[in-house]
Structures are given as C-alpha cells and as structure tokens.
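Below is one structure, written out as structure tokens; comments come after it.
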C-alpha cells in the first residue's frame, strides 16, 4: 500500500525515457516535461534519437532516448546522468545504462526481455543485469502485458494496443513523481483529437500505469516530489529551439512590417523550422520548399531583393551549398537571415547529433573578403531572441546574417516565459525616401553606420541595377578600378564592424575576482554555467563569459579576456572559437577544452577539466 | 495603347562584341516592353552569369545580375515575395541549362509567372569558347578539340518534360517576330520560355546560319501562328500535314494536296504531343519552327501561394504573433 511508501522531496531529478525508435519515447518524455513545467518546475530536455526512422525492432542502433531535467529551481542543462531510466527493451538497457547515476532506478518492461529480445540486443547470457554489471535498483514491470490486459475489451487490434505502452511507462513515472494525470490526459486528447478512440485508449493505459505504481506492484521503495521555488511569475509554454527560432522570425517580420519569406530544403536537424513556419500562413508567412539547398538560399536572396524579410534554414552541409548565394547578398548588401542548425560533420557526418563545428565556415567559408555578422543562440529559448536580433541586424544594416543554432538546442526544450513584443526593440528598414531620388545610386550610405539605402523594386524613381560584379562606390556601375575595389572591400568590412555599436557588451557571470574565466559560445551556455556554479559552490573562483555575438565581437571582448589570469575556451569543436579570438585579440593566451562527440557537454567532465587547468 | 517608348527602357551602352546577337535581341526587348506598357519601375530583370546575362545593365528597369545558373531560383523568390513585379529572367544556354538546369526545370514545373528568356548560341562565350549543353554532337571547341561525344539538350524538350505551358522561339535578329514572341510571353500567366536563337560572332559564328537571314528563314523556317494553317516556303507553297503519329512536309498542288490537308496550329491545346513534334523539327527535312509553339493557361505558383495564404487567413483565428502564442499549451506561475 502507498501508505508504506516514503515520499522524498527533491530539488531536482533527471529522468530518461528509452526504447525502440517506434516506441513513442519522445512523446512520453515530452508530456512528462510539459506537465512538470505546468506545475511550476523548471525543465530542460534532450531528445537523443538515431538517424534511422525505424531501425529493425529491438536492435542496439534503433534506441531512441529522451532525457528531461526537472528542477525546483532554474535548470540549465538536461543533466549529465539520470536518476530514473525507463528501458523498454534490452537494447535500451544496454545502450542507455551508461547514462545512469550509481543510485539510479531502472524501470524495465519485463515482457520485452525474452530470449529473442536479448539476442537482438546482442546479450550473451539470459541475465542482462548481471551481464552489464548493473548495481543500481532495477524495477521489473510487465508493461506490455499490462497494456494488453487494460485494453483487452477496447476493440483495438493487438498492434494498436501495444503502441500505447509508452503511456503505461509514463503513468508509472507520473506516479513516481506525484504528477497530476489530468494535464497529461488533456494533452493526449489534443494530440489525438481526430482519433478519440486512440486518445481514450492511451488515457486508460496511462491511468493503469499510475495505478500499477500506486498498488505497489512495483518494488520501488519511495516516491518523490519536486517543489516549485523562485520561479518568475508569468505565463509560460514549453518550447524547443527550432520552434523558438521560427517564432523569432515571425515576431521580427511583424515588428518590421515586412512579408516573411523562408526558402528552404529539408535537412536534419533544421527541417522543423520549415515545418513550423509552413503552418502559419494566417500570419502572412510564405514558405517555399525549394528544389535544392542552393535554390533555398537563392530564392531567399530574390525575395530579399524584392523587399521581403527573407530567411533560409539549413544545417552545415546546406551551408556549403548556399555559400555562393550568401555571398551575392554580401556584395549586393541585401538583408538575409541564414540559419545553420549545426550537426556532426564533416560531410553527412552525424545528422542527428550536435556540434559547434561550423563556426569558421560561417565566419570565413566564402570566396573573397566576405564579412558577415554571426550570432549564436545560447539555449532553446534564446533561439527566439537570437532569431529576432538576426533579423533586426540584417534589415537595419543591409547584410546577410548567420544565425548559428545546433541540434542540441534545436531539439531540446525548456519552459519559456511568453514574450511581449512591446518590450522588443523596433526594426526599421533603411528605405530610400522620395527626396533622395535626385542623384541617387545604390551604394550611397548612411555616413554613421555605412548602411546603404534600400530602394525596393516597384519604387518609382529609383530604378537601378545591382549584381555580383564589383560596383563603383559613386555611381553603382560595374567597376574594375583598383582603388574603388579596395574602398568597397573596406566599406563592407567597416559596416559590419560598426554593428558592434548596436549589440550589448559581453557580460561576465560568477566570481568577480575569478582565477579562471570560462569562455564559450552558442548552445553550450547551460553546461558551462552549471560547471561554473558547481565550482563556485566548491570554493573555486571561476567566472563565465558566454558569447552570443560572434561577428562582430562585443566591444569589451578584449578588455574582459585580458582581465583574468587564466582563460579557457570550451567548445564542441577542435578550437575554432579559440582560434578566432586569437586572431581578433593579438597575444591573448587561451587554454582549450574541446570535445567533438556529437553529445552535449558533461558538466562533471567540464569541472574536472577546468579544475586541472586551475591547478596547472 | 502604351504610354512608353522603347527609349524609356534603355539604359547605358551595351558592351557586347560588335555583331553579337544580344544587341538585336536587346532592341527587341526594349520595343516589346514599350508595347506591353508596364512601367519600368514595376519590372525586375534578373539574369545569371554569361555574356547574355549582362543584359540587365542595359535596362532602365530594376535589374539584378546574379550568380551562375541561379537566376531562375532568384527570380522565383522575387516573384513569390512581390507578385506585383513583372519579372523577366534572362539566361544563356550554359547558365540556364547546364549549371542552372535544375532551377530551370523546377521554375517551369512550378509554373511561376516568370518571363524566362533563353539566349541560345550553343557556346560558352564569356569563358572564351567551350561547348555548351546545346552544342551539337561532335562540336569542336577549346574544351572539345576532337569533338564532343555527347548529345545536346533540346530546350523545348526540356521545357515540355518539365510540364511547361509556354514555349516560343525566335531568331535574335528577326525583330518583328521576336517582339511578338516576347509580348505573348509577357501576356502568358505562368512560366513562359522563349528560346532566342542567337549568333556568337567570335566563338560559334554561323551556328544558326540556315535561318539567320530573312531569305534563309523563308526557306528553312516556319512561322507558327495560333489558328493559322502551318504553311511555309518563299511563296507559302509548303505545309505540314499529319502522317501516322508524325509530321510530313507537303507541297500544295502536288499529289492533290490542298490547303485543307494542312494542319492548323493550336497553341492552346493542352496535350503537348504535337507541340513537341513541331518544336523538334530541324533541317534539312523539316523547317525550324518559330513563333509561339505552346501557350496553355494553368494555375500559377505565385497566385496559388497567395491564394492559400488568404484562405488560411480566413480560416484560422490567429493573425498576430500575440495570438499565435495563445495557440500553445500555456500555464501560469502566480
């Protein structure tokens, strides 16, 4: 009976759902995250899925995982290792066990541990727990048979019934963490709105899972509760980075009063941006699935030329193909936002995994002197602000802008306080005005910002010709004049560096008189912040300077980096940001922490590495 | 009647080689635009890379000289984003059919309302004389000193293969017919492809010789006109008649052939079979077809995109970002 169970109050817990890629682990994880956030906990999620859509059932390569970190206070990462692992089959147990803390509880579906299942997961004995040397608590649950039993009178066929087993696992986890099922039920009814019988079947199984825990068929020694503390008041929703990026673009277009255009080609892990924007035609969003990556970018350049707020979304391999069209936007000085959701490379690489290896490509991967602003979003929710600012800079400074995201923040989600657009800065295109018509030429610039004025086709009195050939600064005609070219090269570069006047200065968090400054950029913010916090809690004096604006760098970058005895740049590549900083700040001495594993950083590893640097 | 003169569309001094077919075509385009009467500031001329792609610099319209092969994709984005613009897209055979082949077929397939001009001189001129995807098999050039060992594209075939609804062909120096083709192309709603046969005096002189002069065309070409019988020859003494699934050339008065035996051109027929046969005719057995070969109405991509936007706007209750946020699962921390 439940009365005999203890309820432990926790500050935070990490749960990992794992199973076959067709087992619905992502859905179970998502629902658990959302209902946790709804009761006021903070959340950070990490879907870790294979590139295969459906690998053969039960094999090691087909395991799909979803990790969520639920906290009473702010949580910044999905967590290194989990407190509870749900393993729906032996393959999941084998591949996911390494993500468990030593005292974790592992819930397994005993019905999926037959001799045949064990063989598929390449176990050599009939005792997988012993074979893996698992020392933590394993909780055997007959998940599949409970599911079949619960729905035996439902009229559904066996296959449909077994498909509900993720909800049994979810129900069990909800019981374990004292979550209210009504929220989950509402979400299921929305998800299966067109198939009410499936919704009801899932809900029935969800309740059965909860009751199974409640009725102590499970051998877990206690349940948990996670309080909600110190959370900022307001209205929240759960959002992942790709959706936040799409929302940022929509918000910017609305603020600027411009037509939003996205030219794109499907590519993992960026495609969800196209999916999201394609839904919102009622907000006047035009999306075009182009014939290839090149046309995705080229059509966006055409849309920008014609006056739209034009964007293209892709991942690293797509950037390779778009570079030429991006460069056309550089020389013609047209606004364009290029979103690169980075994944493992080179070439096709690791399509579903996360890296920061496109940084130098974003900065320098084009022919000629081709300066381009680069912004790196720092978290799933920051994708909104970063996308918004990318649009603002593109439109106000007449330049293509690269927005770097990555697979980790693109798919990961967090609770997001709904933004009020009134609090966001205005976006004002640098249009020509009628009185400029006399003697106008396309490269006339605002003397302060060096931004050229924009005459959108259709405007009377401003017909002109631009193109990929170098133009005369004075007349806009084709020019091979050596001095003119040098001038144009310098002006394009200077225009981008002056954007530094329009972006915030670099902030330093943590200990004021730190012995070590941690430096990072983009999607690693949460992990670096947690590492800093842990070290500070352990009496080590550490600070963090995390970059969102990469080109141009914030004005105080040099001053900040030169203030500390030791500076370590931690990044998920072989030292691209460190190399860039050395290029920008002569003589700066930087330590490096580099991991290129396709996985998010591990906070414990970071702490260990940084501690070693401090002790050197 | 139009308020504009050809002069209103002219800009600058063309820099093509003397004798290049592009000069003549440019004149035809200026004239056609003046007769169509769209204001210069409402026109965007978008080109790729190559000799002929310099054309926008000689237009007093909005002009965009882009990158090699991508003009069709860039023009597509411009037209979708700003459907009020009249968009002309200019490419050569290398730009449009080699490096830009993919964008060419997809622009045609989508039926985006572009006036696509394909200036075909069967050579790469700007890079000084390499064979192009329209060069004939065996063509000797700097990059094929022993002759090419590949067959060329036939632009009409590519256009129809991509489900094209408009195809016209003219000779660059044949001003009157070129203007008529361009006007018909502009009038057509959807992707129109106009192939302009053009001479390159430097690297491929004489490539279209048999039909490049008025006399040559009288003998070796046929002007197709919707609703008119397919007659040709110096005195219109020849005609095209059907034979089995193919065409044959007949002479009026010979073997008791009368004008009633001659096919009447139907450019509006949705079945492209006969259009393809006409477009593929070549000497010495057949005349080269000039004029509007196919002109069939179909829904355009740009209209459909915006119609769908309007439809969804009317159906969905959220139209602002703030309203969009409310469509999500939201919770409140008090």
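Protein chains in written order, with the numbering used here: chain A, 3 to 618; chain B, 3 to 336. Idealized CB from N, CA, C, for every residue including glycine. These figures come from a predicted structure and were not determined experimentally.
- Taken in chain order, the members of the region 460-493 of chain A whose beta-carbon sits within less than 8 Å of a beta-carbon on chain B are 460, 461, 462, 463, 464, 465, 466, 467, 468, 469, 470, 471, 479, 480.
- The residue from 48(B), 36(B), 56(B), 188(B) with its alpha-carbon nearest to that of residue 19(B) is 56(B).
- Checking the DSSP bridge columns, you'll see residue 498(A) has no partner listed.
- For residue 428(A), the nearest beta carbon of chain B is not closer than 8 Å to its own beta carbon.
- By the 16-neighbour rule on beta-carbons within 10 angstroms, residue 295(A) is buried.
- The alpha-carbon separation between residue 161(B) and residue 297(B) amounts to approximately 12 Å.
- In the structure shown, residue 442(A) adopts coil according to DSSP, grouped into three states.
- Under the 8 Å criterion on CB atoms, residue 331(B) is classed as interfacial with respect to chain A.
- Within the region 340-397 of chain A, the beta strand (DSSP E) runs of at least 3 residues that lie entirely inside it are, in chain order, 376-378.
- With respect to residue 378(A), residue 549(A) sits close: the two C-beta atoms are nearer than 8 Å.
- For a Cβ distance threshold of 9 Å, residue set 283, 284, 285, 286 of chain A lies close to residue 315(B), ordered along the chain.
- Among the CB atoms of chain B, one or more fall inside 8 Å of the CB of residue 40(A).
- CA-to-CA, the gap between residue 209(B) and residue 181(B) works out to about 22 Å.
- For residue 108(A), the number of other beta carbons within 10 angstroms of its own is at least 16, and it is reported as buried.
- Each of 91(B), 52(B), 153(B), 222(B) was checked against the Cα of residue 284(B), and the nearest Cα belongs to 222(B).
- For the region 190-212 of chain A, the set of positions with a beta-carbon nearer than 7 Å to some beta-carbon of chain B is empty.
- Segment contact: the region 297-316 of chain A against the region 255-272 of chain A, three or more CB-CB distances shorter than 8 Å; contact assigned.
- Interface flag for residue 455(A) against chain B is unset, since no Cβ pair is found closer than 8 Å.
- Taking all protein chains in view, the Cβ of residue 334(A) is crowded by 16 or more other Cβ atoms within 10 Å, so the residue is classified as buried.
- Within chain B, 75, 76, 78, 79, 82 have C-beta atoms less than 8 Å from the C-beta of residue 301(A), given in sequence order.
- Taking the C-beta atoms as reference points, residue 318(A) is found nearer than 8 Å to residue 363(A).
- Under DSSP, residue 14(A) forms a beta bridge with 73(A).
- Residue 447(A) is bridged by DSSP to 454(A).
- Interface residue (Cβ-Cβ distance to chain A less than 8 Å): residue 65(B) is classified as such.
- Straight through space, the alpha carbons of residue 399(A) and residue 501(A) are spaced by roughly 8 Å.
- Non-local C-beta neighbours of residue 76(B) in its own chain, meaning closer than 6 Å and more than five positions away in sequence, comprise 48, 68, ordered along the chain.
- Closest by C-alpha distance to residue 181(A), out of 482(A), 209(A), 506(A), is 209(A).
- No Cβ-Cβ contact shorter than 8 Å links residue 512(A) with residue 491(A).
- Taking the C-beta atoms as reference points, residue 80(B) is found nearer than 8 Å to residue 305(A).
- One thing to note: residue 149(B) has its Cβ within 8 Å of the Cβ of residue 141(B).
- Considered as a whole, the region 216-243 of chain B harbours 216-222 as its complete alpha helix (DSSP H) runs of no fewer than 4 residues, in chain order.
- Within the region 120-151 of chain B, no residue has a Cβ lying closer than 8 Å to any Cβ of chain A.
- The way I'd put it, the region 11-31 of chain A doesn't touch the region 384-398 of chain A; fewer than three beta-carbon pairs between them come closer than 8 Å.
- Under the three-state reduction of DSSP output, residue 267(B) falls in the coil class, being neither helix nor strand.
- Here the alpha carbon of residue 183(B) sits roughly 30 Å from the alpha carbon of residue 309(A).
- The Cβ atoms of residue 289(B) and residue 204(B) lie no closer than 8 Å to each other.
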